[in-house]
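Peer 1:
There are 2 protein chains.
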Amino acid sequence: MTLLNAERLYAMMDKHGLDAIVATSPENVTYSSGYWALSQWTRRGPQTYVVWPARGKGAPRIIASASLLDLIADQEISVEDVSKFGSFFVNVDRDASLDPAECRQAVLYGLSDGGSAKATLVATLKELGLSEARIGVDEGGLAPSLGAFELEACQGATLVPAFEVFRQARAVKTEEEITRLAKAAHIAEASIDAALRIARPGVTEAELSLEFNLETIRQGGLPVLYCIGTGPRSAMPNVMPGERALCVGDIIRFDVGGRFRHYRADIAQIAVLGEPTPKIKTYHNALLRGVQRGMDLARPGARASEIFHRVVETVQREGIPHYQRSHVGHGIGLDGYDLPDLSPGSDHTIEEGMVLCIETPYYELGFGGLQVENMVVVRRDCVQSLMATSGELRVV
Amino acid sequence: MTLLNAERLYAMMDKHGLDAIVATSPENVTYSSGYWALSQWTRRGPQTYVVWPARGKGAPRIIASASLLDLIADQEISVEDVSKFGSFFVNVDRDASLDPAECRQAVLYGLSDGGSAKATLVATLKELGLSEARIGVDEGGLAPSLGAFELEACQGATLVPAFEVFRQARAVKTEEEITRLAKAAHIAEASIDAALRIARPGVTEAELSLEFNLETIRQGGLPVLYCIGTGPRSAMPNVMPGERALCVGDIIRFDVGGRFRHYRADIAQIAVLGEPTPKIKTYHNALLRGVQRGMDLARPGARASEIFHRVVETVQREGIPHYQRSHVGHGIGLDGYDLPDLSPGSDHTIEEGMVLCIETPYYELGFGGLQVENMVVVRRDCVQSLMATSGELRVV
């Protein structure tokens with residue numbers, strides 16, 4: 273199992289003339305090594321790095337805080353070498369026989385302390401023979417006090433920003449990533465079903481949200497996005513579930529998705545409590561046609577901007593003549609918004625292995641919000657849905 | 273209800289000679305305005321700011337993406353003025369009568385577009401008469417492409433880093449913050465109880481964790497930290513619940529806490545399945561005495577480094593002579609690690625209104641981990657626990 277598309281990362285490094293690339297943001301650290309460093313994900317500030325030399329230029333290395341080394345021993349990590357910074361007190365029971373994970377921990381805790389995160393990074397680059405190299409540094413996770421300029425002052429290397437290089441690499445998913453994304457999408461669908469099972473007049477958004485999040489947990493996910501709005505509140509793009517009680521005729525808009533093994537889902541569905549009005553039916557059908565058009569067009573080689581224009585045109589023609597959007601979708605992976613952007617200004621081309629959220633949200637204050645958003649993977653000859661549902665209007 | 277300790281923030285601005293301070297990281301934006309800007313919290317990169325002029329130097333202002341304005345209309349926000357960047361398409365039903373929140377949204381969407389986040393920030397500083405001022409910029413959430421140097425190039429202002437100024441302000445909590453922190457602590461305790469209700473031989477860490485997180489959701493929280501390790505795996509400081517099945521005699525270590533209305537909990541408890549060994553009893557008692565000593569000493573005016581030494585000494589004297597730690601606690605709030613640090617190198621002094629996690633973890637590979645961690649608020653004459661439990665060893 274590997275999350276990293278190593279061939280693609282090497283190709284990106286070649287393209288940008290990099291001798292090595294350094295991951296610093298949580299998404300890129302987990303992507304390039306499998307290492308999920310708890311504090312880096314749950315807080316802002318804690319530093320963890322992965323140094324990846326270009327092909328043939330040495331072995332990759334994790335640079336981790338002493339306080340987080342146990343997770344390296346207990347996770348499926350694709351990078352063998354580790355440098356440690358800081359100290360952390362862990363004892364060893366001399367009478368116990370240690371299992372392999374405990375032995376690995378003992379070895380890791382015993383590594384020499386590189387000092388600060390920055391000092392350890394600089395020393396590691398030197399050890400890897402990269403002191404004079406051209407190095408791409410993911411600027412997304414570097415602590416402000418560790419700005420690229422400061423690093424550069426420490427040595428003869430040329431440092432260039434590489435956050436976008438990682439985003440480009442991550443845009444095409446490995447099969448392991450696609451499997452996790454599909455599971456995340458299924459969890460979101462099951463969670464919508466769980467919420468809708470209790471939908472009846474008088475039930476609040478908060479109650480729907482509770483059922484939604486409980487099901488996400490039961491299915492092995494973690495809640496992240498749970499915009500669930502009812503009636504006119506469904507028009508709020510980022511609606512946080514509140515105390516409004518459901519009435520007959522209400523729209524229920526779900527724009528939702530949690531994490532499964534670090535990978536995100538982002539899907540949308542619309543349900544109506546009782547008989548939908550003709551306006552709801554017409555508008556929703558137009559939005560669904562738009563997404564279907566996007567799914568038809570998202571083939572390897574298609575231009576993202578072209579898909580945008582065709583999708584918006586379709587929605588306008590099929591029932592919402594005034595429909596306007598800034599984008600009709602985006603990639604998804606460890607981050608909720610991976611490349612490509614399906615927007616008019618996008619210069620991306622669709623590639624095999626991209627996972628896309630294709631979406632046509634519509635917000636109207638005083639009326640409500642409607643939205644179709646499907647997760648799909650681009651295969652050589654087709655677009656494969658990662659979902660069991662297709663975006664049809666649901667009547668409950 | 274206000275999260276912000278405005279008097280303290282003003283005092284910090286005076287102390288550091290600032291004409292204004294700019295919040296950029298999610299914690300500081302929410303703290304200074306009440307505004308919880310979804311994408312900023314769930315992803316890395318999206319920009320939201322709050323500009324707070326010093327006392328008498330103008331009204332504070334939120335700078336928000338057009339795509340997140342609905343949440344301003346729907347949340348309890350303590351800042352009235354808003355500047356917008358970017359565009360977002362929302363329609364209005366001309367036949368509907370809008371409620372106040374919808375009217376507010378319509379007004380916000382109608383604000384002029386300031387362009388990029390950075391351009392809008394620079395323009396806002398100018399409008400507020402701060403073009404030549406000394407401005408503290410929280411460097412924690414500024415997108416790398418928005419580095420302080422670049423901002424400075426745009427105008428005559430002097431920019432100084434202010435992430436630490438905000439941390440110092442946030443260290444003393446308002447009553448609303450304390451109420452939320454107490455609820456977060458209670459949710460964590462209830463979640464431990466829920467997990468322990470199913471503890472019996474054969475039950476896995478993952479199953480305990482599932483019950484833990486379900487209870488956190490039921491109680492209105494969101495899972496963040498759920499390190500739950502059994503037997504020798506309890507020695508892993510950041511243990512992620514796995515497939516190990518409980519055996520009689522096992523330690524179960526919980527180092528856990530979710531979020532409640534954006535505020536964190538971080539507590540620890542130890543349970544043993546069956547009769548604890550003398551070593552477990554002795555060691556746990558020593559750790560508990562250490563925390564109790566910390567709670568006795570954490571009075572306004574006490575030095576954090578002094579508390580550290582007395583707590584470690586107590587644990588050593590009461591049963592773990594070789595006990596060593598890098599810290600014995602920390603503040604908590606919107607972030608899991610607020611000031612002060614209870615560490616030997618800390619120069620902090622305890623103040624009334626600080627909320628502390630006082631902790632004495634002990635990790636021994638081959639044996640297991642033990643830990644007491646209690647959340648308390650420092651009052652004028654006493655330390656008040658925010659928990660129903662006191663850190664006693666639990667036998668299940």
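Keeping their order, the protein sequence lines are chains R and Z. If you're matching positions, the first sequence starts at 273 in our numbering and goes up one per residue. If you're matching positions, the second sequence starts at 273 in our numbering and goes up one per residue. Where is the CB? At the ideal position from N, CA and C, for every residue including glycine.
1) Note down, in chain order, every chain R residue with its Cβ under 7 angstroms from the Cβ of Thr502 of chain Z.
2) From the DSSP output, in three-state form, read off His458 of chain Z for me.
3) Within the continuous alpha helix (DSSP H) that includes Asn485 of chain Z, where are the two ends?
4) Roughly how many angstroms separate the alpha carbons of Ile407 of chain R and Ala283 of chain R, rounded to a whole number?
5) What residue range is occupied by the uninterrupted beta strand (DSSP E) comprising Lys356 of chain R?
6) Tell me the residue span of the alpha helix (DSSP H) that contains Ile344 of chain R.
7) List, in order along the chain, the chain R residues whose C-beta lies closer than 9 angstroms to that of Gln596 of chain Z?
8) Determine the DSSP secondary structure at Phe438 of chain R, reduced to helix, strand or coil.
9) Val520 of chain Z CB to nearest chain R CB: under 9 angstroms?
10) Would the stretch 636-651 of chain R count as touching the stretch 372-384 of chain Z if we require 3 or more Cβ pairs under 8 angstroms?
11) Spatial neighbours of Arg582 of chain Z within its chain, please: C-beta separation below 7 angstroms, excluding the five flanking residues on both sides.
12) Shortest alpha-carbon distance to Ala368 of chain R belongs to which of Z:Glu631, Z:Gly503 and Z:Leu494?
13) Along the stretch 622-641 of chain R, where does the CB come closer than 8 angstroms to a CB of chain A? Name the residues.
14) Flag Pro298 of chain Z as yes if its beta-carbon sits less than 9 angstroms from any beta-carbon of chain R, otherwise no.
15) According to DSSP, simplified to helix, strand and coil, what is Trp308 of chain R?
16) Could you compute how far the alpha carbon of Gln688 of chain Z sits from the alpha carbon of Thr314 of chain Z?
17) Express the C-alpha separation of Leu494 of chain Z and Gly530 of chain R in angstroms, rounding to a whole number.
18) Can Val606 of chain Z and Glu299 of chain Z be called in contact, C-beta distance under 9 angstroms?
19) Alpha carbon to alpha carbon, what distance is there between Thr274 of chain R and Val584 of chain R?
20) From the DSSP output, which residues share a beta bridge with Gln656 of chain R?
21) Considering just the uninterrupted stretch of the beta strand (DSSP E) at Arg280 of chain R, what are its terminal residues?
22) Measuring CB atoms only, is the stretch 603-623 of chain Z touching the stretch 509-523 of chain Z, in the sense that at least three cross pairs come out at less than 8 angstroms?
23) Would you tell me roughly how many angstroms separate the C-alpha atoms of Val301 of chain Z and Leu310 of chain Z, rounded to the nearest one?
24) Three Cβ pairs or more, each shorter than 8 angstroms: is that satisfied between the stretch 618-626 of chain Z and the stretch 343-361 of chain R?
25) Do the stretch 506-514 of chain R and the stretch 572-579 of chain R touch if we need at least three Cβ pairs shorter than 8 angstroms?
26) Please report the straight-line C-alpha distance between Pro548 of chain Z and Pro473 of chain Z, rounded to a whole angstrom.
27) How would you call Glu664 of chain Z, buried or exposed, if buried means at least 16 neighbouring beta carbons within 10 angstroms?
28) Does any residue of chain R have a CB that is nearer than 9 angstroms to the CB of Ile489 of chain Z?
29) Which residues in the same chain as Lys551 of chain Z place their Cβ atom closer than 8 angstroms to its Cβ, once the five residues preceding and following it in sequence are excluded?
30) Of the residues R:Gln541, R:Leu276 and R:Leu628, which one's Cα is nearest the Cα of Gly306 of chain R?
31) Would you call the CB atoms of Arg571 of chain R and Cys654 of chain R closer than 9 angstroms?
32) I'd like the ranges of any alpha helix (DSSP H) spanning at least 4 consecutive residues and lying wholly in the stretch 530-611 of chain R.
33) Starting from the C-beta of Val432 of chain R, find all residues in its chain whose C-beta is less than 6 angstroms away, skip the five residues before and the five after it, and write them out in chain order.
34) Kindly indicate the opening and closing residues of the alpha helix (DSSP H) around Arg376 of chain R.
35) Indicate the three-state DSSP secondary structure (helix, strand or coil) for Pro504 of chain Z in the structure shown.
36) Rounded to a whole number of angstroms, what is the C-alpha to C-alpha distance between Ala471 of chain Z and Leu518 of chain Z?
Peer 2: Taking the geometry as given:
1) Neighbours of Thr502 of chain Z on chain R: none; closest Cβ ~13 angstroms, over 7 angstroms.
2) Assignment of His458 of chain Z by DSSP, reduced to helix, strand and coil, places it in the helix class.
3) Residues Glu477 to Arg490.
4) Within the model, the alpha-carbon separation for Ile407 of chain R versus Ala283 of chain R is close to 15 angstroms.
5) Residues Asp353 to Phe357.
6) Looking at the DSSP string, the run of the alpha helix (DSSP H) that includes Ile344 of chain R is Leu341 to Asp346.
7) Within 9 angstroms of the CB of Gln596 of chain Z, the CB atoms of chain R belong to Phe361 and Asn363, in sequence order along the chain.
8) Of the three classes helix, strand and coil, the one that applies to Phe438 of chain R here is helix, per DSSP.
9) Val520 of chain Z has a beta carbon lying at 9 angstroms or more from every beta carbon in chain R.
10) Yes: at least three Cβ pairs fall under 8 angstroms.
11) Result list for Arg582 of chain Z: Arg565 and Leu569, in chain order.
12) The closest CA to that of Ala368 of chain R, considering only Z:Glu631, Z:Gly503 and Z:Leu494, is found on Z:Gly503.
13) In the displayed structure, chain A is absent; the protein chains listed are R and Z.
14) With its beta carbon less than 9 angstroms from one in chain R, Pro298 of chain Z belongs to the interface.
15) Three-state DSSP puts Trp308 of chain R in coil, outside helix and strand.
16) As displayed, chain Z neither begins before 273 nor continues past 668, which places residue 688 of chain Z out of reach and without an answer.
17) Rounded to whole angstroms, the gap between the alpha carbons of Gly530 of chain R and Leu494 of chain Z is 12 angstroms.
18) Note on residue identity: the sequence assigns Leu, not Val, to residue 606 of chain Z. A contact, by the Cβ cut-off of 9 angstroms.
19) Answer to the nearest angstrom: the Cα atoms are 37 angstroms apart.
20) Per DSSP, the beta-bridge partners of Gln656 of chain R are R:Val649.
21) That residue, Arg280 of chain R, is in no beta strand (DSSP E); its alpha helix (DSSP H) goes Ala278 to Lys287.
22) Counting C-beta pairs with one atom in each stretch, the stretch 603-623 of chain Z and the stretch 509-523 of chain Z have fewer than three that are closer than 8 angstroms, which means they do not touch.
23) Cα-Cα distance, rounded: 12 angstroms.
24) Cβ pair count under 8 angstroms is below three, so no.
25) The stretch 506-514 of chain R is not in contact with the stretch 572-579 of chain R.
26) Looking at the two C-alpha atoms, the distance is approximately 15 angstroms.
27) Looking at its Cβ environment, which holds fewer than 16 other Cβ atoms inside 10 Å, Glu664 of chain Z is exposed.
28) It does; some Cβ of chain R falls within 9 angstroms.
29) Hits under 8 angstroms: Phe639.
30) Minimum Cα-Cα distance from Gly306 of chain R among the listed residues R:Gln541, R:Leu276 and R:Leu628 corresponds to R:Leu276.
31) Yes, the Cβ-Cβ distance between Arg571 of chain R and Cys654 of chain R is below 9 angstroms.
32) Taken in chain order, the whole alpha helix (DSSP H) runs of length 4 or more contained in the stretch 530-611 of chain R are 550-569 and 576-590.
33) Correct list, in chain order: Gly408.
34) Segment Pro372 to Tyr381, the alpha helix (DSSP H) holding Arg376 of chain R.
35) Helix at Pro504 of chain Z.
36) So the alpha carbons of these two residues sit roughly 8 angstroms apart.
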